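Student: The structure's right below; bear with me while I get my questions together.
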Amino acid sequence: MQNPEQSPGPNEASMASLRKYVQKNGLKFTKQRELIADVFFQSQGHLTAEELLDRVRKEDSQVSLATVYRTMKLLTDCGLANPHHFGERQTVYEPSETGEDHHDHIICQDCGKIFEFMNEQIEELQDKIAAGYGLELTTHRMELYGKCTRQDCEHRKD
């Protein structure tokens, strides 16, 4: 139980936003939807719908892949999930960012591993470039692609 003097954590705030969105739009907030959203908000990194389904089924084996996809669409529509289509790979989802959580991505084209990074110099340069065109950046996404040189990459060819 949460201490009433504490502000809600990110999961609780996200669930509250979801409940509000569902109610406002006359949708149903089922136990399965709640479970899927809760597992998603507690997850680290980027998840496919299938990976999320595997985690959710540890709690409820009756959840279907279709329900996961519908819930992820709902979370995307209400701004709580960001879908990413990295190259030719299937869609992965991550919880939406707040301004201080912004990050960019580097993706291995062989194994699909996704690395998150944040670099203040790059952020400042992007703002400077946009200003040169008379724009103030409101959002952006940077994706860099390469091939692993790491020894532990399962697709590395030596």
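So for the sequence shown, the working numbering puts the first residue at 573; every next one is plus one.
Using N, Cα and C, we set each Cβ at its ideal position, and we do this for glycine too.
Owing to the predicted nature of the structure, the values given are computational and were not obtained by experimental measurement.
Going by the beta-carbon positions, is the gap between histidine 656 and histidine 618 smaller than 9 Å?
Tutor: yes
Student: Tell me, please, which residues DSSP counts as bridged to alanine 653.
Tutor: Pro667
Student: Which residue's Cα is closest to the Cα of threonine 663: Leu599, Thr620 and Glu695?
Tutor: The shortest Cα separation from threonine 663 among Leu599, Thr620 and Glu695 belongs to Thr620.
Student: In the structure shown, what three-state DSSP assignment does tyrosine 717 receive?
Tutor: strand
Student: What residues in its chain sit with their C-beta under 8 Å from that of valine 635, if we drop five residues either side in the sequence?
Tutor: Gln604, Leu607, Ile608, Leu625, Val628 and Arg629
Student: Do the CB positions of asparagine 654 and glutamine 614 come within less than 9 Å of each other?
Tutor: no
Student: Going by beta carbon distance, what residues of the same chain come within less than 7 Å of aspartate 699, once the five residues before and after it are set aside?
Tutor: Leu709
Student: Measuring straight from C-alpha to C-alpha, what distance separates isoleucine 678 and leucine 707?
Tutor: 26 Å
Student: Could you check what DSSP says for phenylalanine 689 in three-state terms: helix, strand or coil?
Tutor: strand
Student: Would you list the residues sitting across from cysteine 680 in a DSSP beta bridge?
Tutor: Gly718
Student: Among the residues of its own chain, which have a CB less than 8 Å from the CB of glutamine 595, if the five just before and after it don't count?
Tutor: Phe601
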